[in-house]
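>
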Amino acid sequence: MSKCCAPFAAATGNRQLETRPSAVSGRRPLEGSPALSSSEKTRRGIQSIEIGSHLLKTLSDHGEPMALRDLALASGVAAGKAHPYLVSFCKVGFVTQDPASNRYELGPLALELGLAKLRRIDAVKEASKVVGELAAATSQGVAVAVWGNLGPTIVQLEEPARPLHVNLRIGTVMSLLHTATGRLFATYMPPRVIEDVLAADSMGLHYKNPNDAHSDTSLQKATEEVRRRGLARALGQPIPGINAFCAPVFDANGRIALGILIMGAAPGFDSDWDGDMARRLLACAAQVSKSLGYKPAKTTD
Numbered sequence: 001m002s003k004c005c006a007p008f009a010a011a012t013g014n015r016q017l018e019t020r021p022s023a024v025s026g027r028r029p030l031e032g033s034p035a036l037s038s039s040e041k042t043r044r045g046i047q048s049i050e051i052g053s054h055l056l057k058t059l060s061d062h063g064e065p066m067a068l069r070d071l072a073l074a075s076g077v078a079a080g081k082a083h084p085y086l087v088s089f090c091k092v093g094f095v096t097q098d099p100a101s102n103r104y105e106l107g108p109l110a111l112e113l114g115l116a117k118l119r120r121i122d123a124v125k126e127a128s129k130v131v132g133e134l135a136a137a138t139s140q141g142v143a144v145a146v147w148g149n150l151g152p153t154i155v156q157l158e159e160p161a162r163p164l165h166v167n168l169r170i171g172t173v174m175s176l177l178h179t180a181t182g183r184l185f186a187t188y189m190p191p192r193v194i195e196d197v198l199a200a201d202s203m204g205l206h207y208k209n210p211n212d213a214h215s216d217t218s219l220q221k222a223t224e225e226v227r228r229r230g231l232a233r234a235l236g237q238p239i240p241g242i243n244a245f246c247a248p249v250f251d252a253n254g255r256i257a258l259g260i261l262i263m264g265a266a267p268g269f270d271s272d273w274d275g276d277m278a279r280r281l282l283a284c285a286a287q288v289s290k291s292l293g294y295k296p297a298k299t300t301d
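Sequential numbering from 1 applies to the sequence shown in UniProt numbering.
Below is the structure:
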């Protein structure tokens, strides 16, 4: 060791100085490397996540299973580049692939995340507090539906004491034309919003009775009845032997926030407009609306 360095070495106990690793990368910072500004740190992202998210969004927008070549064309991501993403998405449940057609569609994890977001909406949380009590008090099936990108979508389901043989589950999209839930939303949603959904409905994409024809006149009559009664009713439609009521929940601005559906087998279901079932449902919906800040307009006799 040279004499000029001896005092410094003595001061440090003959130990070599160590640079502390970066807290972010774990590597020692290079001398002279410019520090990233806060705005640059904010803009930095992971491109692969952005590409994968774009593929998922394309699947969601398409609304039905897609072949790889169609997904590549619609998303603008080359098939060879998109395929590894889809393999990984299938492994974690974001996407599923039909073994017969090899087509891809959104998987259970995508549904789970979407529903988790919907449950964070105040209206759904408030409804969740009372629908279980309604189901227990009436011994009927009760469900909560919100407006999704494909139409009225079931986000909560309380099974009845006696199981109903209905193909209804969380995530089911209800027909605007042929269900009480659909007619309720068709009544209170802005007309421009439901036009595309009605077009899809007429093509049989949603939960409906295939024996019923598309009829603008019948839908208009149904919505007029909903406004007059304050709730929608279905008698044996779309499922024979199953009756249902659906009542609206409004937010503080007077817009429909969700629908509460009660349904049961016809022999034990009071389907009278002024019956106990309708009154209980309306009271439940009014309670949730009140918790959201809704104040009904005063009526003048």
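Think of the CB as a built atom: it goes at the ideal place given N, C-alpha and C, for glycine as much as any other residue. Since the model is a prediction, treat every value here as computed from it, not as a measurement.
If I measure Cβ to Cβ from Leu-150 and keep anything under 6 Å in the same chain, skipping five residues before and after, which residues do I get?
Numbered from its first residue, the sequence shown carries residue 150 at position 150. So the list reads Val-173, once near-sequence residues are dropped.
> Is the distance from the Cβ of Gly-107 to the Cβ of Phe-94 below 7 Å?
As a first step, residue 107 is located in the sequence shown; it is residue number 107 there, counting from the start. As a first step, residue 94 is located in the sequence shown; it is residue number 94 there, counting from the start. Yes, these two residues count as a Cβ contact at 7 Å.
> Once the 5 residues before and after Lys-208 are set aside, which same chain residues still bring their CB inside 6 Å of it?
The residue given as residue 208 occupies position 208 in the sequence shown. For Lys-208, the pLDDT reaches just 44, beneath the cut-off of 50, and the residue's location in the model is therefore unreliable, although a value from the coordinates is still provided. Cβ within range, chain order: Ser-175, His-178 and Pro-238.
> So, Gly-182 versus Met-263, is the Cβ gap smaller than 7 Å?
Within the sequence shown, numbered from 1, the residue matching residue 182 stands at position 182. Within the sequence shown, numbered from 1, the residue matching residue 263 stands at position 263. No, these two residues do not count as a Cβ contact at 7 Å.
> Report buried or exposed for Val-226, applying the criterion of at least 16 other Cβ atoms within 10 angstroms of its Cβ.
Counting from 1 along the sequence shown, the entry for residue 226 is found at position 226. Counting Cβ neighbours within 10 Å, Val-226 comes out buried, since at least 16 surround it.
> Pick from Glu-159, Ala-222 and Val-130: whose alpha carbon is nearest that of Thr-187?
In the sequence shown, residue 187 corresponds to position 187, counting from 1. When only C-alpha atoms are compared, the closest one is Ala-222.
> Could you compute how far the alpha carbon of Ala-286 sits from the alpha carbon of Arg-119?
One-based indexing of the sequence shown puts residue 286 at position 286. One-based indexing of the sequence shown puts residue 119 at position 119. Approximately 20 Å between the Cα atoms of the pair.
> Return helix, strand or coil for Ala-213, following the three-state DSSP convention.
By 1-based counting over the sequence shown, the position of residue 213 is 213. Only weak support exists for where Ala-213 lies, its pLDDT of 43 falling under 50; the coordinates are left without a value.
> Quick one: Cα of His-214 to Cα of Asp-196, how far?
Locating residue 214 in the sequence shown gives position 214, where the first residue counts as 1. Locating residue 196 in the sequence shown gives position 196, where the first residue counts as 1. Reliability fails at His-214, whose pLDDT of 48 lies under 50, so the model's placement of it is uncertain and no value is given.
> Given this structure, state the Cα-to-Cα distance separating Phe-269 from Gly-241, to the nearest angstrom.
In the sequence shown, the residue the question calls residue 269 occupies position 269. In the sequence shown, the residue the question calls residue 241 occupies position 241. Their backbone Cα atoms lie some 10 Å apart in a straight line.
> Output yes or no for whether 7 Å exceeds the beta carbon distance between residue 329 and Ala-180.
Coverage of the chain is limited to positions 1 through 301, which leaves residue 329 absent and any answer about it impossible.
> What residues are listed by DSSP as bridge partners for Gly-264?
Numbered from its first residue, the sequence shown carries residue 264 at position 264. According to DSSP, Gly-264 bridges with Asn-243.
> In the DSSP assignment, find the unbroken alpha helix (DSSP H) run with Gly-114 in it and report its ends.
Position 114 of the sequence shown, counting from 1, holds the residue named residue 114. Run containing Gly-114: 108-119, per the alpha helix (DSSP H) assignment.
> Taking 7 Å as the threshold (C-beta atoms), are Ala-123 and Leu-231 in contact?
Position 231 of the sequence shown, counted from the first residue, corresponds to residue 231. Position 123 of the sequence shown, counted from the first residue, corresponds to residue 123. Going by C-beta atoms, Leu-231 is not nearer than 7 Å to Ala-123.
> May I ask you to report which of helix, strand or coil DSSP gives Thr-96?
As a working note, residue 96 is residue 96 in the sequence shown. Note: Thr-96 maps to strand in three-state DSSP.
> Give a yes or no on contact between the region 127-134 and the region 96-112, applying the rule of three or more CB pairs nearer than 8 Å.
Flag = no, the region 127-134 and the region 96-112 do not touch.
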